[in-house]
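Taken in sequence, the protein lines are chains A and B.
Read in order, the letters of the first sequence are residues 4 to 271 in our numbering.
Read in order, the letters of the second sequence are residues 4 to 271 in our numbering.
All C-beta atoms in this analysis are idealised placements derived from N, C-alpha and C, irrespective of residue type, glycine included.
Have a look at the structure below before the remarks.
There are 2 protein chains.
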Amino acid sequence: MIDTEPHHISPGSVIDLHDISTRENGGLKKKEGKKAIHKLSKRLVTLQELLYAQKKNSLLVIFQAMDAGGKDSTTRRVFSPLDPSGVQVKSFKSPTQREQLQDFLWRIHHHAPRKGFISIFNRSQYEDVVAARVRKLQPPAIWQGRFEHINAFEQLLTSDGTVVLKFFLHISKGYQKERLQRRLDRPDKHWKFAPSDLKDREHWDDYMQAYSEAFERCSTNAAPWYVVPAERRWYRDLIVLQTIVNALESLQMSYPKADFDASAIEII
Amino acid sequence: MIDTEPHHISPGSVIDLHDISTRENGGLKKKEGKKAIHKLSKRLVTLQELLYAQKKNSLLVIFQAMDAGGKDSTTRRVFSPLDPSGVQVKSFKSPTQREQLQDFLWRIHHHAPRKGFISIFNRSQYEDVVAARVRKLQPPAIWQGRFEHINAFEQLLTSDGTVVLKFFLHISKGYQKERLQRRLDRPDKHWKFAPSDLKDREHWDDYMQAYSEAFERCSTNAAPWYVVPAERRWYRDLIVLQTIVNALESLQMSYPKADFDASAIEII
């Protein structure tokens, strides 16, 4: 079993993302990592079935990252072995005009997973304390108040049986350059690129600072944040998988007992 | 390439499900079938990316079957290799009180796929002309009028770029017995069984008749029905996969051209 604790942001700790590795491999070889991923994937398939069969708990996984950090590919690689009937992926874009007429958690709450199901958020309420802050879409008085709203909201979810796990896929500015350049070099990848993607890059350090504060304020016992070194994709997948499997194992789920006498039923 | 045409219900044809095989293998060996499935799965992954990149079309796949016909396992086996971000599975249960205050297509329409996406319906509007009829939930005057509403609705979807494919996973009454018995024999499968599941079984012939008429009335050029022999799971998966791949290939999709000059962009 891989130790995911080094990547966990302990509640109350003070961090600077610049000091956290983006390329670490946990002392593992890629081959060992791949083998562990294969085993964990199979276990996750079973845990999903138990989650669905019991309908007592649900799982919410949140991914945040800078552009090209791998939110899409992590989602694909970690969750595609699962039964698609029980998985819903929601990508949050800029709020629509309609959504702006409600509090910032309104549209988020709508997509919380029901019991038995898994929801994956590709971006989330954390855009409202990070991008909203860096791009100056909201005054400090507004976004500063949101940390507490987020914590209370996540507590509401966990009190109702939702396991909430939050992952920041951490890459360096240099690695992002490589990945974006690759999209430019390959015509079949152009559709993934928009020149406006480069704007956030100009404010890299502001983003790192805003994310650091968000993790300090919102990594709680109920809903922990993990900063995952994301430049080695196999290591990134492994940490995400192991964290999810650990959390679901701790629920100690079992198949529900029948409320009928199976031996008394005759199928005609 | 596997010929799926023998399983297609041609518009205007008259059928009796009792005459259609539930165990056919198309003259293939299982090993050949598995090899073809592997190839088609890989191709479907690429076609999904093209669908998403272009955002001109979408795909709606409808599954209907008697209990234990394999709607869940076909969904899992055909769609789990895909990117879960682009796939939404909707299981339709009995309409809620709220839904009963609207026309029968209202709740269905809401889940139509947006451009670039794939929706899978586990049960669908066809319950409203099959189960509603057999269980006498609606008088004939009501359900008889619905065939035309369904055809007009599906035409609306296809006119907007949605590929609509409908599959009936066809099993025999004897095969259903085996499958249900298996659920009773295994305590870890009890949660999949409800004694009320046996009710529809008592009306097997009525269901076959209602389904036959639904396929006759609603297999259109725009939105064809396929009756898939579903007792050999590999053959069932193969026919579903091949039909979907054929339909998506016929769109002749390609990656969109960039609306910027990639060579002029410098990433700083």
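Comparing alpha-carbon positions, which option in the options lies nearest residue i?
| i | options | result |
| --- | --- | --- |
| T7/B | I268/B, D264/B, P232/B | P232/B |
| M211/B | L20/B, S13/B, P198/B | L20/B |
| H173/A | W207/A, S253/A, Q255/A | W207/A |
| A142/A | H152/A, Q158/A, D131/A | The amino acid at residue 142/A is misidentified as Ala; the sequence shows Pro. It is D131/A. |
| E52/B | S257/B, A265/B, A261/B | S257/B |
| H193/A | R185/B, S127/B, D262/B, I23/B | D262/B |
| R80/B | I23/B, I12/B, P98/B, L43/B | L43/B |
| N60/B | N28/B, D191/B, H11/B, S122/B | S122/B |
| R182/A | K195/A, F170/A, F171/A | K195/A |
| L254/B | H11/B, T165/B, H10/B, G30/B | T165/B |
| R101/B | R110/B, S94/B, K93/B, F95/B | R110/B |
| V133/A | R236/A, G29/A, S215/A, A250/A | S215/A |
| E151/A | W237/A, I5/A, F124/A, Q128/A | Q128/A |
| R117/A | F95/A, V137/A, L54/A, I153/A | L54/A |
| S13/A | G30/A, I268/A, C221/A | C221/A |
| R126/A | H113/A, F95/A, N154/A | F95/A |
| P84/B | E27/B, A135/B, T49/B | T49/B |
| G119/A | M4/A, T246/A, P259/A | P259/A |
| I271/A | I270/B, W237/B, A267/B, P198/B | P198/B |
| R136/B | A250/B, A213/B, H10/B | A213/B |
| D200/B | S162/A, D209/A, S97/A, I268/A | I268/A |
Assuming residue i and residue j form a contact by the criterion Cβ under 8 Å, report the distance between their Cβ atoms to the nearest whole angstrom.
| i | j | result |
| --- | --- | --- |
| G15/A | L241/A | Rounded, the Cβ-Cβ distance is 27 Å, inconsistent with contact. |
| V46/B | V230/B | Inspection of the sequence shows that residue 46/B is occupied by Arg rather than by Val. So it is not a contact: roughly 24 Å between Cβ atoms. |
| A217/B | E157/B | Contact doesn't hold; Cβ gap of about 12 Å is too wide. |
| L187/B | A265/A | 5 Å |
| E252/B | I18/B | In fact, because the Cβ distance is near 27 Å, the residues do not count as touching under 8 Å. |
| P160/B | L63/B | In the sequence on display, residue 160/B carries Leu and not Pro. That belief holds up - the Cβ atoms of L160/B and L63/B are roughly 7 Å apart, short of 8 Å. |
| T25/B | E234/B | 5 Å |
| K310/B | H112/B | A query on residue 310/B cannot be resolved here, the shown segment of chain B reaching from 4 to 271 and no further. |
| W237/B | K169/B | Contact doesn't hold; Cβ gap of about 21 Å is too wide. |
Identify whether residue i lies in helix, strand or coil by the three-state DSSP scheme.
| i | result |
| --- | --- |
| A68/B | strand |
| F171/A | strand |
| N125/B | strand |
| L187/A | helix |
| T78/B | helix |
| K93/A | strand |
| P9/B | helix |
| L63/B | strand |
| Y55/B | helix |
| T165/A | strand |
| Y229/A | strand |
| F120/B | coil |
| V132/B | coil |
| L31/A | coil |
| D262/A | coil |
| E273/A | With chain A covering only 4 through 271, there is no way to say anything about residue 273/A. |
| A217/A | helix |
| Q255/B | coil |
| A115/B | coil |
| F156/A | helix |
| H41/B | helix |
Counting only Cβ pairs nearer than 9 Å, list the residues of chain B close to residue i.
| i | result |
| --- | --- |
| S94/A | S88 |
| L43/A | Going along chain B, no residue has its Cβ under 9 Å from L43/A, so there is no contact; the nearest lies around 16 Å. |
Give the interface partners of residue i over in chain A, defined as CB-CB distance under 9 Å, in chain order.
| i | result |
| --- | --- |
| K180/B | I270, I271 |
| H113/B | The premise fails here: H113/B is roughly 13 Å from chain A at the closest Cβ pair, so nothing lies under 9 Å. |
| P190/B | Y258, K260, A261, A265 |
| R79/B | L85, D86, P87, S88 |
| N125/B | S88 |
Residue i touches chain B at which residues, Cβ-Cβ below 7 Å?
| i | result |
| --- | --- |
| P259/A | W194 |
| L201/A | I270 |
| L187/A | A265, I268 |
What does residue i touch in chain A if you count any residue whose Cβ is under 8 Å from its own?
| i | result |
| --- | --- |
| Q184/B | I270 |
| D75/B | D86, S88 |
Please compile the residues from chain B whose C-beta is within a distance smaller than 8 Å of the C-beta of residue i.
| i | result |
| --- | --- |
| Q91/A | Q91 |
| P84/A | S83 |
Under 7 Å Cβ-Cβ, which residues of chain A neighbour residue i?
| i | result |
| --- | --- |
| F263/B | P198 |
| A56/B | W194 |
Quiz prompt | Three-pair Cβ contact test at 8 Å for the stretch 64-80 of chain B versus the stretch 64-73 of chain A | solution = No: fewer than three Cβ pairs fall under 8 Å.
Quiz item: Do the stretch 75-92 of chain B and the stretch 143-150 of chain B meet, that is, are 3 or more Cβ pairs less than 8 Å apart?
Solution: The stretch 75-92 of chain B, when compared against the stretch 143-150 of chain B, does not touch it at the 8 Å Cβ threshold.
Quiz prompt | Any 3 or more C-beta pairs closer than 8 Å across the stretch 238-256 of chain A and the stretch 168-182 of chain B | solution = With a cut-off of 8 Å, the stretch 168-182 of chain B and the stretch 238-256 of chain A do not count as touching, because too few Cβ pairs lie within range.
Quiz item: Quick one: any contact between the stretch 95-110 of chain A and the stretch 29-43 of chain A, if contact means 3 or more CB pairs under 8 Å?
Solution: No contact exists between the stretch 95-110 of chain A and the stretch 29-43 of chain A.
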